[in-house]
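First the structure, in the form of structure tokens, and then the observations on it.
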Amino acid sequence: MPLDPSALIDGPRGRRLCLEVLLEGARRADTPETRDAVQAAFWAAHGRERGTSVLLSFTDGTEPFVEPEVSPRAAAAALAALPVPAMTSQTLAHALWQAVDEAAYWQPPSGMDELAAAPEMRPVLRRMADGIVRSGLVEWWASPVACEHQAAVAWEEEPFRAVDPEEILPEWRADMAADELRFAGSTGVSGPWWSTPPFPLPRTTRLGERGPLGLSFVEDSFGWLSARSRRVDPPAGDVIEIDGPEAWAALCLRHPLVVTASRRTVWDWTTGRDGVWVIPDWAALARAAVGVHLTVTGYLAGAGRIIDLGDGGASTIAGWVPDETFWFRNPVDVGPEERWVAEHTMGVDRWHPA
1092 MPLDPSALID GPRGRRLCLE VLLEGARRAD TPETRDAVQA AFWAAHGRER
1142 GTSVLLSFTD GTEPFVEPEV SPRAAAAALA ALPVPAMTSQ TLAHALWQAV
1192 DEAAYWQPPS GMDELAAAPE MRPVLRRMAD GIVRSGLVEW WASPVACEHQ
1242 AAVAWEEEPF RAVDPEEILP EWRADMAADE LRFAGSTGVS GPWWSTPPFP
1292 LPRTTRLGER GPLGLSFVED SFGWLSARSR RVDPPAGDVI EIDGPEAWAA
1342 LCLRHPLVVT ASRRTVWDWT TGRDGVWVIP DWAALARAAV GVHLTVTGYL
1392 AGAGRIIDLG DGGASTIAGW VPDETFWFRN PVDVGPEERW VAEHTMGVDR
1442 WHPA
């Protein structure tokens, strides 16, 4: 399926990616106009922060510092005057990393995410989305699981554990029911925020030019400094493909699992919606498939977004890695472990073979 630019601006993570591409291009250009535009975006985003933040300012003491008040409309006008930057694999990977790293489904959206969601910003981000798609560098974002190029990742010295999915899935289903009972009647209490299959299941991403994608694109990262990867041969059979909100909604409607009690508070914080929440019942879906894969496009279009299920409530995609596959059957290891180390430069973790 061709990549639709609209998919990149209809979802919170896609909008953030487009904004990061534009801001990074402006920083590289480093002209008075681009510096002013970047500053306008910063102050507009800062003014929309709903969480706790600290801003330090330094003056010569003659005049007190007064924070500029920049509206989303003014920021959008400044950003609209900038050209679409040149697209490279590196800049797109950095923007994707930023969009994933800033995802947080247990609190209100950041000021920068709020700015990206402002109606005035939509034409600005649409230009970026069109440029990203025209670059010809991201067709694979919409592609299904690359079964011949899959690798698993283990962080630090965590071992690759042998697991039995046939035990994990029913245990997960029982745990979900227990969570609903535990959080029933609770309000304002933070709880689980993810909508993934059980994390102990085997998980893989495709091998990119710089190793498995799962090394670089992680929500709620713990700042790991080392990791190991291992190539695997996935099990034969049907893989469920999630390429956007519609595919996710279809899974929820086919096998719904109500998680309102456990997710109500955190998903209300992040989406502003209070109501019935549903996720796919992965234990039920596993009976007819060997795995489930979320495309990069599916992630950018659906992660953190309210996915309407009509009378069935709503859902959202949270806790996933772009291009991640959860396996309901065990893959086969086909290569030795490869060790990786992280180089933390300018706020970005770059992974290299050890």
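The opening position of the sequence shown corresponds to residue 1092 in my numbering, with each subsequent residue numbered one higher.
For every residue, glycine included, the Cβ atom is placed at its ideal position computed from N, Cα and C.
By the Cβ rule, the segment 1342 to 1354 does not count as touching the segment 1165 to 1185, because fewer than three pairs are nearer than 8 Å. Val-1129 is positioned such that its CB atom lies no closer than 8 Å to that of Arg-1119. Every alpha helix (DSSP H) of 4 residues or more that sits fully in the segment 1178 to 1202 is shown, in chain order, as 1180 to 1192. Separation of Glu-1428 and Ala-1409 (C-alpha to C-alpha, rounded to the nearest whole angstrom) is 29 Å. Non-local beta-carbon contacts of Val-1254 in its own chain, meaning distances under 6 Å to residues more than five positions away in sequence, involve Pro-1291 in chain order. When only Cα atoms are considered, Ala-1169 and Pro-1214 end up about 13 Å apart. Using a 10 angstroms sphere on the CB of Glu-1332, the tally of other CB atoms reaches 16 or more, which defines it as buried. Shortest Cα-Cα distance from Arg-1225 to any of Gln-1189, Pro-1176, Ile-1397 involves Pro-1176. Segment contact: the segment 1353 to 1371 against the segment 1390 to 1408, three or more CB-CB distances shorter than 8 Å; contact assigned. In this structure, the alpha-carbon of Gly-1299 lies about 15 Å from that of Arg-1430. Runs of beta strand (DSSP E) with 3 or more residues, each lying fully within the segment 1404 to 1428, are found at 1416 to 1418, listed in chain order. In terms of Cβ geometry, Leu-1114 and Gly-1105 do not form a close pair [threshold 8 Å]. Judged by pairs of C-beta atoms under 8 Å, the segment 1229 to 1238 does not touch the segment 1191 to 1199, as fewer than three such pairs exist. The alpha-carbon of Ile-1397 is positioned some 31 Å away from that of Pro-1325. Of all C-beta pairs linking the segment 1277 to 1287 to the segment 1355 to 1367, three or more are shorter than 8 Å, placing the two stretches in contact. Note on Ser-1320: 16 or more other CB atoms within 10 angstroms of its CB, so buried under the neighbour-count rule. In chain order, Ala-1409, Gly-1410 place their CB closer than 7 Å to the CB of Trp-1285, counting only its own chain and leaving out the 5 sequence neighbours on each side. With respect to Trp-1418, Pro-1293 sits close: the two C-beta atoms are nearer than 8 Å. Checking the DSSP bridge columns, you'll see Thr-1296 partnered with Ala-1242. Rounded to whole angstroms, the gap between the alpha carbons of Val-1425 and Leu-1400 is 41 Å.
Put simply, the backbone Cα of Thr-1416 is about 14 Å away from that of Ala-1233. Ser-1180 counts as exposed, since fewer than 16 other beta carbons sit within 10 angstroms of its beta carbon. Closest by C-alpha distance to Val-1412, out of Ala-1352, Ala-1208, Pro-1123, Ser-1312, is Ser-1312. Per DSSP, reduced to three states, the secondary structure at Leu-1108 is helical.
Under the DSSP assignment, Gly-1305 falls outside any beta strand (DSSP E), being part of the alpha helix (DSSP H) whose first and last residues are 1304 to 1307. With 16 or more other Cβ atoms from the protein chains shown falling within 10 Å of its own Cβ, Thr-1356 counts as buried. The beta carbons of Trp-1442 and Leu-1304 sit no closer together than 8 Å.
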